[in-house]
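The next block holds one structure in the form of structure tokens; read it before the comments.
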Amino acid sequence: MIKINCKKIVGGKADGLALLSHRPINMLSMLDTKSGRIKEEDHDLFNQIVKDRILILPNCIGSSVGAYIFYSLKINGVSPKAIICTNRCDIITASGCAISNIPLVDATGSSFKSLDNNTKVTVDADKQIIIIHTI
Amino acid sequence: MELTRQEDMALKGEYGEGLEISYKILVAIGNANNASKLIPIKWAHISGVNFNTIGEAGVKFLSSLDKKNKVTVTTTLNPMGFDSKKDNNLSDYFKSNQMSIINSYLSLGINPSFTCIPYEIFDLPNKGEVVSFAESNAAVFVNSILGIKTNKESALSSLASAITGKTPYSDLLIDELRKPKVSVQPEIKVETELDFGLLGYFAGKITNESCIGLETNFENLDIVKSKALSAGIGTSGRAGMFNNTNNKDCERVSFGKTELDQVKDDLNTSEKGELIVFGSPQLGIDELNLLVHLTEGKKFRKPCKIFCPRSVTEMECNNEIIKKLRNAGADIICDSCTCLTPLITKNDYDSIVTNSIKCAYYMKHSNKIDVSLKDMETITKEYCE
């Protein structure tokens, strides 16, 4: 078990399987809001589904209206359980998670490079801690 | 971020759901941007009005938002998708979603100004006062030209600030952070409004910071060029401000003919345009006057659409100007602008000609229409007789 300190952006606690992206995500152009699938062919998460995962990504990019995509994912029941930003949380992710009640933390400076997808991760935004459950 | 007792109670839902969600948004953004506290604002200008920009998710969020908590400061609205007094030939689906958005904003007590140039229409706060502006050209313009402070806000953050009357104290609201780390040095004469738009687009693109330096004298820059410069910067990157503090520690980047041509090649995809488009930002009285002067006694040879605020067209003193432009063949469109407009589609036009960098960017990327970039004077010479 590995514990990582982080900064709370939106409160809450969740656990689930990790879905790790090494590249930023443009919510507006890359997400299918009905299924939660990443539809951008050039992206390292192409065809992956964000539903119920702990989405770990550097940050979001593109139009600030992308915040509404988090809300769409939530009301369609396909949102991630929590999000970890690894390179300065941006206002698209912050405001999107705020209106969608998705726990969000900023873990800039911590490395998730060696983390395998499907590793169980707990995010406790209120206690500002991430737990990686290694076998 | 430190909250007062009242703010904390509002965040916990003690004063209603509208305030609760608004504080949630501001606290999340404040946490992300390392804000120490919330500070009061004088004015909020909200984006995310056109249905094409916020989509069905935006419609659902706004209609589900508790409307008991109204806006607490002067609040104005960006353009929507169509002219409310015209038959716009749009689908019922678009129209009903657009009306739902407008009704949501109206029920919060927001002024339906439908303009992206609020700084030309409304009384301005004093220099140094804080506002929350989500429209990018307006944020850059008020920060850089008027000395009014705002961060480059989003649809959600400006709405939350309108309801709470507050914004996180961070970034461009802090004097020490209103200084550039990178500065652009023009090596060529930047003359027309199109040149200033291209300079702005270049400057916005090369920095990831909130403030970009420009080593040019813009003290005497007229409003037409100031708007073009601000819109160019707002379109291409995250910067919300420019200045020329001549900071010696700044990294210098040249803007010469090569850079100007590169930016232009990026957006200029056609020699000619089937439709003439003026606007984004919407034209104010100065640009309309200039256009009247340039088209005196002539008519447009191609269809021409001019986007401007309704308040400008309906002022009695402007009647003659509007009449002259209509006589020249222009279609004057109010309440909306070119950015993600449903009024100019690939079905009707393969190409447009415009002097606006922002219009060019969205026509190319969102509407998939080819663009010919020319300054206003050249357009009137080539497309009027």
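Chains as they are written, first to last, in the numbering used here: chain A, 112 to 246; chain B, 7 to 391. Where is the CB? At the ideal position from N, CA and C, for every residue including glycine.
* **Contact list for B/A34 against chain A, beta-carbon separation under 8 Å** => Start at 1 with the first residue of the second sequence, and residue 34 of chain B comes out as number 28. Proximity of chain A to B/A34 at the Cβ level (cut-off 8 Å) is accounted for by I120, V121, A205, S206, C208, A209 and L215, in chain order.
* To do: With 8 Å as the C-beta to C-beta threshold (strictly closer), list the residues of the segment 240-267 of chain B near chain A in chain order.
  => Taking 8 Å as the upper bound on Cβ-Cβ separation, chain A lies near no residue of the segment 240-267 of chain B.
* Pull up the distance between the alpha-carbon of B/L152 and that of B/K133, whole angstroms please. => By one-based count along the second sequence, residue 152 of chain B stands at place 146. By one-based count along the second sequence, residue 133 of chain B stands at place 127. B/L152 and B/K133: Cα-Cα distance of roughly 7 Å.
* Taking contact to mean at least 3 C-beta pairs separated by less than 8 Å, is the segment 89-104 of chain B in contact with the segment 51-62 of chain B? -> They touch, by the three-pair rule.
* To do: For A/D201, I'd like the list of residues in its chain whose CB is within less than 6 Å of its CB, leaving aside the five on either flank, ordered along the chain.
  => Taking the first sequence and counting its residues from 1, one reaches residue 201 of chain A at position 90. The beta carbon of A/D201 lies closer than 6 Å to those of N170 and C171 in the same chain, with the five residues before and after it left out.
* Asked: Which residues of chain A have a Cβ atom closer than 9 Å to the Cβ of B/A41, listed in chain order?
  -> In the second sequence, residue 41 of chain B corresponds to position 35, counting from 1. Within chain A, no residue comes near B/A41; the closest Cβ sits about 11 Å away, beyond 9 Å.
* Any contact of the segment 369-379 of chain B with the segment 269-279 of chain B, i.e. 3+ C-beta pairs under 8 Å? -> Three or more beta-carbon pairs separated by less than 8 Å link the segment 369-379 of chain B to the segment 269-279 of chain B, which places the two stretches in contact.
* Listed in chain order, which residues of the segment 8-37 of chain B have Cβ atoms closer than 8 Å to some Cβ of chain A? -> Considering only beta carbons, the part of the segment 8-37 of chain B lying closer than 8 Å to chain A consists of I27, K30, I31, V33, A34, I35 and N37, in chain order.
* Beta-carbon contacts of B/G262 that lie in its chain and below 7 Å, excluding the five residues immediately before and after -> Residue numbering aside, residue 262 of chain B sits at position 256 when the second sequence is read from its first letter. Within the same chain, Cβ atoms closer than 7 Å to the Cβ of B/G262 are found at E193 and I194, the five residues on either side in sequence being excluded.
* To do: Look at B/G363 and B/L281 and say whether their C-beta atoms are less than 8 Å apart.
  => In the second sequence, the residue the question calls residue 363 of chain B occupies position 357. In the second sequence, the residue the question calls residue 281 of chain B occupies position 275. The identity of residue 363 of chain B in the sequence shown is Ile, whereas the question assumes Gly. Result no, Cβ atoms of B/I363 and B/L281 do not sit closer than 8 Å.
* **Rounded separation between B/E159 and B/G303 - CA only** => Your numbering for residue 159 of chain B matches position 153 in the second sequence. Your numbering for residue 303 of chain B matches position 297 in the second sequence. Their Cα atoms are separated by approximately 43 Å.
* To do: Just confirm the distance between the C-beta atoms of B/S53 and B/E126, as a whole number of angstroms; I'd bet it's less than 8 Å.
  => Indexing the second sequence from 1 puts residue 53 of chain B at position 47. Indexing the second sequence from 1 puts residue 126 of chain B at position 120. So it is not a contact: roughly 17 Å between Cβ atoms.
* CB contact below 8 Å: A/S183 versus chain B -> By 1-based counting over the first sequence, the position of residue 183 of chain A is 72. For A/S183, the closest Cβ of chain B is nearer than 8 Å.
* To do: Work out the CA separation of B/L296 and B/T319 for me, nearest whole Å.
  => Looking up residue 319 of chain B in the second sequence gives position 313. Looking up residue 296 of chain B in the second sequence gives position 290. Near 15 Å, if we compare the C-alpha coordinates of B/L296 and B/T319.
* Asked: Does DSSP put B/V359 in a helix, in a strand, or in coil?
  -> Taking the first residue of the second sequence as position 1, residue 359 of chain B is located at position 353. B/V359 sits in a strand when the DSSP states are folded into three classes.
* Between the CA atoms of B/E391 and B/A336 - distance to the nearest angstrom -> Taking the second sequence and counting its residues from 1, one reaches residue 336 of chain B at position 330. Taking the second sequence and counting its residues from 1, one reaches residue 391 of chain B at position 385. Rounded to whole angstroms, the gap between the alpha carbons of B/A336 and B/E391 is 13 Å.
* To do: Run the CB neighbour count on B/L178, radius 10 Å, all protein chains shown included, and call it buried at 16 or more, exposed below.
  => Against the second sequence, residue 178 of chain B aligns to sequence position 172. Burial is judged here by how many other beta carbons sit within 10 angstroms of a residue's own beta carbon; B/L178 has at least 16 and is buried.
* **Alpha carbon of B/K74 to alpha carbon of A/S175, nearest angstrom** => Residue numbering aside, residue 74 of chain B sits at position 68 when the second sequence is read from its first letter. Residue numbering aside, residue 175 of chain A sits at position 64 when the first sequence is read from its first letter. Between B/K74 and A/S175, the C-alpha separation is close to 26 Å.
* Asked: What is the DSSP secondary structure of B/P46, reduced to helix, strand or coil?
  -> Here residue 46 of chain B refers to the residue found at position 40 when the second sequence is read from its first residue. Residue state, collapsed to three classes: strand.
* On the premise that B/T213 lies in contact with B/G238, defined as a C-beta separation below 8 Å, what is that separation, rounded to the nearest angstrom? -> For the purposes of this step, residue 238 of chain B is identified with residue 232 of the second sequence, where counting begins at 1. For the purposes of this step, residue 213 of chain B is identified with residue 207 of the second sequence, where counting begins at 1. Their Cβ separation, rounded to whole angstroms, is 13 Å, which puts B/G238 and B/T213 out of contact at 8 Å.
* Asked: So is A/V176 in contact with chain B if we call contact Cβ pairs under 8 Å?
  -> Working through the first sequence from its first residue, we reach residue 176 of chain A at position 65. True, the Cβ-Cβ gap to chain B drops below 8 Å.
* Asked: Start and end of the alpha helix (DSSP H) containing B/F120?
  -> Locating residue 120 of chain B in the second sequence gives position 114, counting from the first residue. Run containing B/F120: none; DSSP gives neither H nor E here.
* Can you pull the DSSP bridge partners for A/V216? -> Taking the first residue of the first sequence as position 1, residue 216 of chain A is located at position 105. A/V216 is bridged to A/K119 and A/I195.
* Taking Cβ-Cβ distances shorter than 7 Å, what residues in chain A pair up with B/G61? -> Counted from its first residue, the second sequence places residue 61 of chain B at position 55. Y179, listed in chain order.
* To do: Compile a chain-ordered list of the residues in the segment 55-89 of chain B whose CB is closer than 8 Å to at least one CB of chain A.
  => Shown in chain order are the members of the segment 55-89 of chain B whose Cβ falls below 8 Å from a Cβ of chain A: T59, I60, G61, E62, A63, G64, K66 and F67.
* Count the CB pairs spanning the segment 72-86 of chain B and the segment 32-41 of chain B that are closer than 8 Å, and state whether there are at least three. => The segment 72-86 of chain B vs the segment 32-41 of chain B: no contact.
* With 16 other Cβ atoms within 10 Å as the buried cut-off, status of B/T264 -> For the purposes of this step, residue 264 of chain B is taken as the residue at position 258 of the second sequence. Looking at its Cβ environment, which holds fewer than 16 other Cβ atoms inside 10 Å, B/T264 is exposed.
* At a Cβ threshold of 8 Å, is B/S160 touching chain A? -> Looking up residue 160 of chain B in the second sequence gives position 154. B/S160 counts as touching chain A.
* To do: Would you give the residue range spanned by the beta strand (DSSP E) that B/Q191 belongs to?
  => Taking the second sequence and counting its residues from 1, the one referred to as residue 191 of chain B is at position 185. For B/Q191, the enclosing beta strand (DSSP E) has its first and last residue at V188 to P192.
* To do: Identify the contact partners of A/T144 in chain B, using a Cβ-Cβ distance below 8 Å as the criterion.
  => Mapped onto the first sequence, residue 144 of chain A falls at position 33. Among the residues of chain B, those whose CB is under 8 Å from the CB of A/T144 are A63, following chain order.
* Asked: Any residues in the segment 159-190 of chain B with a beta carbon nearer than 7 Å to a beta carbon of chain A? Which ones, in chain order?
  -> Cβ contacts with chain A come from S160, A161, L162 and S163.
* Asked: Got a sec, what are the start and stop residues for the beta strand (DSSP E) B/G88 sits in?
  -> Start at 1 with the first residue of the second sequence, and residue 88 of chain B comes out as number 82. It is worth fixing the name first, because residue 88 of chain B is Phe in this sequence and not Gly. Note, B/F88: premise wrong, no beta strand (DSSP E); not H, not E.
* To do: Could you work out which residues of chain B lie near A/C200, taking near to mean beta carbons separated by less than 7 Å?
  => Start at 1 with the first residue of the first sequence, and residue 200 of chain A comes out as number 89. Within 7 Å Cβ-Cβ: A38.
* Using the beta-carbon count (16 or more within 10 Å), is A/K164 buried or exposed? -> Here the question's residue 164 of chain A lines up with position 53 in the first sequence. With the sequence shown as reference, residue 164 of chain A is identified as Arg, and Lys is not the correct amino acid for it. So A/R164 ends up on the buried side.
* Asked: Secondary structure at A/H244, three-state DSSP: helix, strand or coil?
  -> Here residue 244 of chain A refers to the residue found at position 133 of the first sequence. Residue state, collapsed to three classes: strand.
* **Touch test, the segment 13-20 of chain B against the segment 191-200 of chain A, Cβ-Cβ under 8 Å, three pairs minimum** => No: the two stretches stay apart, fewer than three of their Cβ pairs being nearer than 8 Å.
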